[in-house]
Every structure is written in C-alpha cells, then in structure tokens.
Amino acid sequence: MTSHLIYPSTNLNAIEQLEIVGGEGIYVVDSNGKQYIEGLSGLWCTGLGYGNEELVETAARAMKQASFSHLFAGKFHRPAVELAEKLHELMPVNNASVFFGNSGSDGNDTLVKLINYYADATGQPQRRKIIARERSYHGITVAAASLTGLPANQKHFGLPVDALGILRTHAPHYYRGQQGSESEDQFVDRILADLEAQILSEGPETIAAFIAEPITGASGVIVAPESYYPKLTALLKKYGIWFWSDEVITGFGRTGNVFGCTTMGAPEPDLMTTAKQLTSAYFPLSAVAVRGDIHAAMLEQCGQVGIFGHGYTYSGHSTACAVGLKTLEIYQRDGIYQNAAERGVKLQAELAKFADHPMVGEVRGKGLIAAVEVVANKETRAEFAGGDGANRVLKHAQDNGLLLRNTGGSALAFCPPMIITDEQIDDIIDKFGDALDKSFAELT
Ligand code: PLP
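For the sequence shown, counting from 1, position 42 maps to 42 in this note's numbering; every step adds exactly one.
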C-alpha cells in the first residue's frame, strides 16, 4: 500500500486492502491466489466478465491501427461512426443522436450542458431546471454530483452548484418511504402528487428534464413500485418535461431487457446516459443520447455560433469505440441479453427465499441486479448502527469467496457478470446464505 495514492470512494483512514491481480470469467483472484466470484461485476460494469480474448484483441488491433484518433474539427474514424449508428438502432430514444465521453459522470455533465444549449437554441432561456431524486447517484463530476442525491458526494465539496437549478423530489422506495399503512399505489400517488405540486410552484415552463436511474445502484438498488414509471412519465408529458434515463448501470441487458427503462415501464426516454457495460469495462467509454429533434435544434444554433464548443479529448476514442462495437456484437451474437434475462429470473427467485431470514428487511431487484437489505429489527425496519450488520455479512461473504458491495448503508448489492450460469448462481446463494447465518449468530 502506498501512502501517496488517494483512493476513490473509500474511507481514507480505514482502508481494508484486497489486491486483485487477475480474473477469468465471473471470477477474480487476489495476490494470495484466492478466487472470488465478482458478485458486483467490478463496479457494475464487467458484463462479459474477465479475460475476454476477443475484446483484448479488438483493443490491441485498434491501438495498432491508430493509437489515437479523435472527432474534433471534422476528423473522424469508422469505429465512432459505426458505434453511433449501432446505438441509434438500439436505443429507445426517438431518432437518437449520440455524443461520446469517457465516464457516466462526464456523460451526465454533457447532457446538463445540452439542456442549456437547447434552451438557448429554441429561445426558452428559462427552461433549464432539472428534477433529480433523493437517494440517486449520477456520478461525481461537478454537475453530475449536483444531480446526485447522496450527501457524502456533496458535503464538503461545495455542491450542489446552485446555478444549475437542480430540484429534488422523493425516491420511489416504498419499503423506506411508506407512510402508515399506505399501499404501494397510494405511496406512488402521494409522491407524484408532491412532484406535480412542485412542478406547478416552480413553473412547468422553467423545467427541462427529470433524471432517473430506472433501478438505482449506489443508493441500494431501489426498485420502484410497478405503477410509478408509467404514472411518472405521463405526468412529465403533461407538462412538457423530458424524461432522462440514466442507464449507466441498467443499460445493455442488466435488468432483463436491453435498457432498464423498458423493464420499468418508461420505454420512450428523451435523453439517455450509458457507460460501463457499453464496453464491458474493457475501455472507458460513455455514450449519451438525445432525441433527433434536439440534435436538429443544436445544428441550427451551431449554424449561428459557428462552433459547438463542447468535447473531450477522448470523445470517441478510436479504441474505446472499437471495443464498444465488439462488446455490443458479442452481447447480441452470444445471446447475452437472453442469458441475463433467464439467469436473472433464477437469481431473483433464489434471493427472494432470504426474505424470511430474521436479518433481512427487503429483497429487491430485476434481472441480474438485486439487493438484500439487512435490518436489526424486521418489525421496525431499523438498521444496525453504522451499517454493522451489512458490513459483517459482506466480510463473511468475502471470506467465502464472494465479493459484494454494501450500498445505501445496509443493502448488499448483487450484479454479477451477465455470462453467469445457473450453477454459479447456486454458488452465490450458498456463499451468501452462509455469510448471513454466521453474521446473525454473531449479532444475537
Ligand atoms: N450514473 C449512474 C446511474 C451510475 O451508477 C454511475 C456510476 O456508478 C454514474 C452515473 C457515474 O459513472 P462513472 O463512475 O463512470 O463516472
């Protein structure tokens, strides 16, 4: 361990070190040769697992051909153009046009800027506000972290930036947000009535978009009740507010459909952010999409200004785009979307069996993304102080050779590579069940 490395998203004073030195399929190996199932696909990103030779060869070939090729000022290359066409076909955004970056965070920053660009282009300078939800995660760059609704990502960093005009509304988490004995539908109607009141008091003409992760990741894999997204999108439509689907985790098969918005009943987003599984994390790449008419307005505006003044050095890096194209080809060619959907049914059914465990408050998920929320008291839904319960299970799972992540304080997240088999899911369940029982025995 070096003292000159500042670790990302870590308790800088209490680093529990695990040196990962290799990986194959759904497994990674530490420096002592111990093997683990990567139950979170790294950081929700290694959809095709580790050691995929085709992707390594694709990256090497692309680098040999042109170690760097960009898209500024009229330069272009085939991988970027072809990947944009492929995403245009695949994405449910109407007549989508895409912009490339390097990470989910910078993708979200791009869309914040495009919302403003469009507002100017169409003579609606007031239409810039964005509604984001509590307990959301949209990344950590300055604009993206302003959209994020988790205190740790804002406190002490001078965020959110007030000038961005970000409004906050409820998280659609029934288990934690239910009031009294209200039903799921009553919960949805209440939080959407609050949203409508907020839209009216702010002025609908001042609000451009509503951003949501179809299923959240970092905040604990929150799955909204079934009626939430259909009612939400109808409400947004009523006031001319765009639905912005942040698919950085849920994109490319994770929830049982190619995109999470389809799974959750919001099938026609106006804006979309993708990254992570777009390249199965073999190379950093993000792709954000806007509706065709939004792109058309940008073209018109640019005609007057002369230059579209936004772009990263690595926007459309040729290696990243080649790897992205190959990843999407493998997903389709090898039936990975289908596998994720089928194995996802099994994962959810097996995890649901833990719902009766005395330390489990809620089991939730769709496809190959899930969480088991650990509680100290099933009746009151109280959490263990300092996340102790979930952290203990996490540690025992790791000892058993299963890497998971504690998200949202007390929810253990599952997001295994989409190449997983039924037998490997059984192995996850055995290792996890044992970790849960050991933790319960220690804590009672
Ligand atoms: N949006 C969502 C929904 C995410 O889950 C993440 C990262 O986990 C991001 C955005 C930010 O992506 P990145 O870490 O690549 O910047």
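Glycine residues also receive a C-beta, built at the ideal position from the N, C-alpha and C atoms.
In the structure shown, the three-state DSSP call for Lys34 is coil. In the three-state reduction of the DSSP assignment, Tyr27 falls in the strand class. Comparing alpha-carbon positions, the option among Ala390, Glu383, Pro204 lying closest to Ile130 turns out to be Pro204. A distance of 8 Å or more separates the beta carbons of Lys431 and Leu403. In this structure, the alpha-carbon of His70 lies about 53 Å from that of Asp437. In the displayed model, Thr407 falls within a strand according to three-state DSSP. Rounded to the nearest angstrom, the gap between the Cα atoms of Met63 and Tyr50 is 20 Å. Secondary-structure assignment with DSSP links Arg78 through no beta bridge to anything.
For the 8 Å CB-CB criterion, Glu350 and Ile222 do not form a contact. Burial is judged here by how many other beta carbons sit within 10 angstroms of a residue's own beta carbon; Gln124 has fewer than 16 and is exposed. Put simply, the segment 171–182 does not touch the segment 243–255. Fewer than three CB pairs are less than 8 Å apart.
Bounds of any alpha helix (DSSP H) do not take in Arg133; it lies within the beta strand (DSSP E) bounded by 129–133. Under the three-state reduction of DSSP, Ser9 is assigned to coil, being neither helix nor strand. Fewer than three pairs of CB atoms, one per stretch, sit closer than 8 Å, so the segment 278–294 makes no contact with the segment 221–241. Assigned with DSSP and collapsed to three states, Asn339 falls in helix.
Annotation: Leu167 is outside any alpha helix (DSSP H); the continuous beta strand (DSSP E) that includes it extends over 166–169.
Non-local beta-carbon contacts of Asn406 in its own chain, meaning distances under 8 Å to residues more than five positions away in sequence, involve Gly387, Ala390, Asn391, Leu394, Leu412, Ala413 in chain order.
Leaving aside the five residues that flank Ala224 on each side, the residues in its chain whose CB is nearer than 6 Å to its CB run, in chain order, Pro172. According to DSSP, residue pairing for Met264 in a beta bridge does not occur. Take Val288, set aside five residues on each side of it, and the residues of its chain with a beta-carbon closer than 6 Å to its own are Phe99, Gly107, Thr110, Leu111, Thr273, in chain order.
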